[in-house]
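Participant: Take 98 as the starting number for the sequence shown in the numbering used here and just add one per residue. Don't be surprised by glycine CBs; every beta carbon is placed ideally from N, CA and C.
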Amino acid sequence: YEDDEMLCFKDIHPAAPVHLLLIPKTHFDSLAHAQPQHQELLGKMMLRVPQIAQQAGLSHGFKTQINTGKGGGQEVFHLHIHILGNPQ
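#1: Taking 6 Å as the limit between beta carbons, can you name the residues of its chain near ILE163, skipping five residues before and five after?
#2: For GLN171, which residues in the same chain have their Cβ closer than 7 Å to its Cβ, ignoring the five residues on either side in sequence?
#3: Tell me the rounded alpha-carbon separation between VAL173 and LYS167.
#4: In or out: MET44 buried (at least 16 other Cβ within 10 Å) or exposed?
#5: I believe LEU138 touches ILE120 by the beta-carbon criterion, under 8 Å. Please report the beta-carbon distance rounded to the nearest angstrom.
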């Protein structure tokens, strides 16, 4: 998936049969660095997640994850939402 504000692609080290990353095209390091001007974009991203999951065959359910900071397991310092699941 891609539009003017965000991009989704497969994780290169998947932790599940389906493991996608949804990233904003606007850079900010992590959720801890989000500012009020990012509110609309973050809302759009969260609403896009179920649609992407459905298209990836995860209509029965999926997991979302946002790692924040080194202590939170973040390895790439550009905010991203993990979408994980097992298609049935």
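Facilitator: Reading off the structure:
#1: For the purposes of this step, residue 163 is taken as residue 66 along the sequence shown, with counting starting at 1. Around ILE163: LEU128, ILE178.
#2: Counted from its first residue, the sequence shown places residue 171 at position 74. For GLN171, where only same-chain residues beyond five positions count, the Cβ hits under 7 Å are SER127, ASN164, THR165.
#3: Within the sequence shown, residue 173 is the residue found at index 76, counting from 1. Within the sequence shown, residue 167 is the residue found at index 70, counting from 1. Answer to the nearest angstrom: the Cα atoms are 9 Å apart.
#4: Because the chain here runs from 98 to 185, residue 44 falls outside it and cannot be looked at.
#5: Start at 1 with the first residue of the sequence shown, and residue 138 comes out as number 41. Start at 1 with the first residue of the sequence shown, and residue 120 comes out as number 23. LEU138 to ILE120, Cβ: 11 Å. No contact.
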